[in-house]
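>
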Amino acid sequence: MIGKSYFLLSLLQVGLTQEWKGDIPREVTAQEGLCVQIPCHYTYPSHLANHPRVEIWYKNKGLNAASVAFHSKEHNSISSRFRHRTRLSGDLKDGDCSLVINNVKWRDAGSYYFRIEFDSGNNYNYRLVTRLHVSAKPSKEWKGDTPRKVTVQEGSCVQIPCQYSYPSCLGNQPRVGIWFNNKKQSSSSIAFHSEDHNQEAAQFHNRTRLSGDLKDGDCSLIINSVTRGDAGPYYFRIEFDKKNSYSYHPVTRLHVSDFTDKPTIFPAEIIAGKCVNISCTFNTTCNGTAPVLTWDTPTDGPGSVSNTVTQHGVTLTYTSVLTLIPSPKHHGHNLTCRVRSPSVSSKRILGLTVQYKPEISQKSACTSSSEGITCVCVANSNPPGDLTWHLPHANISGNQTQGRLVSWQVRDGHLMIGSLILLGPQDEEEVMATCSVRNPHGEAMFKVYLWVKDRNSSEWTAGLLTAGIVFSVCVAGILVFMFVRKNKTEERASETSDIALSPRPLSVKYQDKQNMLLTDPQNTTGDTTREGETPTPRDLSEGPLGGDTGHGNPDQLLYANINLSKLPRDDGTAHMSEATEYAQIRFQRK
55 MIGKSYFLLS LLQVGLTQEW KGDIPREVTA QEGLCVQIPC HYTYPSHLAN HPRVEIWYKN
115 KGLNAASVAF HSKEHNSISS RFRHRTRLSG DLKDGDCSLV INNVKWRDAG SYYFRIEFDS
175 GNNYNYRLVT RLHVSAKPSK EWKGDTPRKV TVQEGSCVQI PCQYSYPSCL GNQPRVGIWF
235 NNKKQSSSSI AFHSEDHNQE AAQFHNRTRL SGDLKDGDCS LIINSVTRGD AGPYYFRIEF
295 DKKNSYSYHP VTRLHVSDFT DKPTIFPAEI IAGKCVNISC TFNTTCNGTA PVLTWDTPTD
355 GPGSVSNTVT QHGVTLTYTS VLTLIPSPKH HGHNLTCRVR SPSVSSKRIL GLTVQYKPEI
415 SQKSACTSSS EGITCVCVAN SNPPGDLTWH LPHANISGNQ TQGRLVSWQV RDGHLMIGSL
475 ILLGPQDEEE VMATCSVRNP HGEAMFKVYL WVKDRNSSEW TAGLLTAGIV FSVCVAGILV
535 FMFVRKNKTE ERASETSDIA LSPRPLSVKY QDKQNMLLTD PQNTTGDTTR EGETPTPRDL
595 SEGPLGGDTG HGNPDQLLYA NINLSKLPRD DGTAHMSEAT EYAQIRFQRK
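Just so we're aligned, residue 55 is where the sequence shown starts under my numbering, counting upward by one.
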């Protein structure tokens, strides 16, 4: 039992010994006249955590008063050559035993180690020593990271990225950051001063600032509303006190170019009557004066605008979203997105391509020709659709002569025109022709109804006999009236003769506009028409496709009454947006 107890005691003593640990670098280099920090972390037995302690730093390996560099309890115990120049940078309770030596001298070079003393008599020398070297060259802890070249467009803002480091012994010391716009250090070339902005050159007043915090090692400079005069070299300088200061080289050269950046518009599918969002963006890497995005829109459809800013890494994206409801009349109009800075601006233009369902134009009409009736269907459609003519009782593409499709074409990207010639049938018959235009957004139709009668020779004989009888009665009546009132009889006879020999032409009205004449009697007195009279058929007989109207052969003349109207809806109303037209035509061949 005794041996076993001794063995456990030995293990306990070994475990306690392993808790005494120290972590310090083997070598540290300091610049003469500046400060230096010797990093140090230590551990000790946990049962001593609440015991009072004394921390001592020794220079060289001896334990004597002449070699004490720092004493946490008795400052008078510190060697005179270190007095008022040493301190600890952290808290010993946290295990931080780092030593700071200010105003380093050549004689400070040598070996340093740390010792801890508890009032319970538990003491320990951390014998891993650090060798301090003193040099006339700047400490390697002074480091700067800036680009050699930065290019910016005139009128915009620019950021010169900058990161810096400094001796750790200055971590909690006040500091001043200065940017110079010149290779030489002078008061007239100060572009930014973190403590006194009045020291900045006049050309940089209220235009420069830092993007970060100097305590975090961020020294990036922002210049707003860049001018041509801002071009040149820039470098950063940090000042802690008169002795601990440093200028970071090499310099960064700033180049200023013309302003050429434009915003970007992201087009969307635009359909008439449907709400659409159109985005405009502008990117910048400078977190300075924010650019302003605006829209120029058609006055009858300004829409609404919302603006946002997002950041991805160092890139800032300014976005403006225009919300509007387009109509067919906006097709071909322009949307303009502008980006404005205090002194410059640019723009991007988007031509609107509005999609809409077909619409039958008022130019759609039917006219007479030597071949028959020529109908033209005109429609607006975007995208262009399929234009077709339908004749239920005729074969357009075959050999039958009921009707034939002349042509159809697309003009100006969205204007569609289809022409059809309708030929008269042999017997009295009702004929319907339909023009249909369809695209992905809808369909529109234009319909024509025709009643045709072809008179034969027997009908001509009966007609002449009837006309003779009527004529005889008229003559007898005229002779009777001549005996009663000669003057009135002559006037009435003249009027009767005019009616018989000069029938008034029949006309077609389409939405209160006279489109065409289907009669074409011989006009031997010329084409002039007196004011207030109806124009002669010769003036209006040419249709969209031209052609002879059958002059010189009365047997080929066509007489028709045409009535064009809108097809009403179920509720009895007619709407132009439905773009469905009907025409009723009754004609006879004499």
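No residue lacks a Cβ here, since even glycine has one placed at the ideal position from N, Cα and C.
Can the beta-carbon of SER119 be found less than 8 Å from the beta-carbon of PHE136?
Checking the sequence, you will find Ala at residue 119 rather than Ser. No, the Cβ-Cβ distance between ALA119 and PHE136 is not below 8 Å.
> Between ALA326, GLY472 and LYS401, which lies nearest to GLN409 when the distance is taken from Cα to Cα?
ALA326
> Please list the segments of the beta strand (DSSP E) lying wholly inside the segment 75–117, counting only runs of 3 or more residues, in order along the chain.
75–77, 81–85, 90–92, 95–97 and 107–113
> Starting from ASN337, trace the beta strand (DSSP E) in both directions and tell me its first and last residue.
Looking at the DSSP string, the run of the beta strand (DSSP E) that includes ASN337 is 330–338.
> Going by DSSP, what residues sit across from GLN49 in a beta bridge?
In the structure displayed, the chain extends from 55 to 644; residue 49 sits before or after that span and is not available.
> If I measure Cβ to Cβ from GLU254 and keep anything under 8 Å in the same chain, skipping five residues before and after, which residues do I get?
ILE244, ALA245, PHE246, HIS247 and THR262
> Assuming GLU293 and ILE332 form a contact by the criterion Cβ under 8 Å, report the distance between their Cβ atoms to the nearest whole angstrom.
With 8 Å as the limit, GLU293 and ILE332 do not qualify as a contact, their Cβ atoms being about 52 Å apart.
> Assuming contact is defined by CB atoms lying nearer than 8 Å, are LYS168 and CYS94 in contact in what I supplied?
Correcting the residue identity first, residue 168 is Phe in this sequence and not Lys. Yes, these two residues count as a Cβ contact at 8 Å.
> What's the C-alpha gap between ASP145 and TYR96?
11 Å
> Do three or more CB pairs link the segment 378–389 to the segment 361–368 at distances below 8 Å?
no
> Do THR314 and TYR288 have their C-beta atoms within less than 8 Å of each other?
no
> Restricting to Cα atoms, I'd like to know which of GLY175, SER435 and THR184 is closest to PRO79.
THR184
> Just to confirm before moving on: does the CB-CB distance between VAL398 and GLU208 stay below 8 Å?
yes
> With DSSP as the reference, label ALA256 as helix, strand or coil.
helix
> Since CYS223 and VAL82 are thought to touch, with beta carbons under 8 Å apart, how far apart are those beta carbons, to the nearest angstrom?
Rounded to the nearest angstrom, the Cβ distance from CYS223 to VAL82 is 10 Å, too far for a contact under 8 Å.
> Suppose you measure from the CA of ILE475 to the CA of GLY405; what does that come to, to the nearest Å?
ILE475 and GLY405 have their C-alpha atoms roughly 39 Å apart.
> In or out: GLU249 buried (at least 16 other Cβ within 10 Å) or exposed?
So GLU249 ends up on the exposed side.
> So who's on the other strand from GLU323, going by DSSP bridges?
Its beta-bridge partners do not exist; DSSP assigns none.
> Give the range of the beta strand (DSSP E) segment to which SER360 is assigned.
358–366
> Quick check on the DSSP output: the beta strand (DSSP E) that includes VAL183 runs from which residue to which?
177–189
> Chain B beta carbons: is any one of them nearer than 8 Å to that of SER360?
The question asks about chain B, but that chain is absent: this structure has only one protein chain.
> Among the residues of its own chain, which have a CB less than 8 Å from the CB of SER237, if the five just before and after it don't count?
Here the sequence assigns Lys to residue 237, which means Ser is not the residue at that position. PRO287, TYR289 and VAL305, listed in sequence order.
> Consult DSSP for PRO382 and reduce its assignment to one of helix, strand or coil.
The answer is helix: DSSP assigns PRO382 an H, G or I state.
> Could you please give the first and the last residue of the uninterrupted beta strand (DSSP E) stretch that includes LYS147?
Taken as a continuous stretch (DSSP letters only), LYS147 belongs to no beta strand (DSSP E), as it is neither H nor E.
> Tell me, please, whether the segment 214–230 touches the segment 347–357 by the rule of three or more beta-carbon pairs shorter than 8 Å.
Verdict: no, contact absent.
> Under 8 Å between the Cβ atoms of LYS383 and CYS391?
no
> How many angstroms separate the CA atom of CYS273 from the CA atom of GLY225?
15 Å
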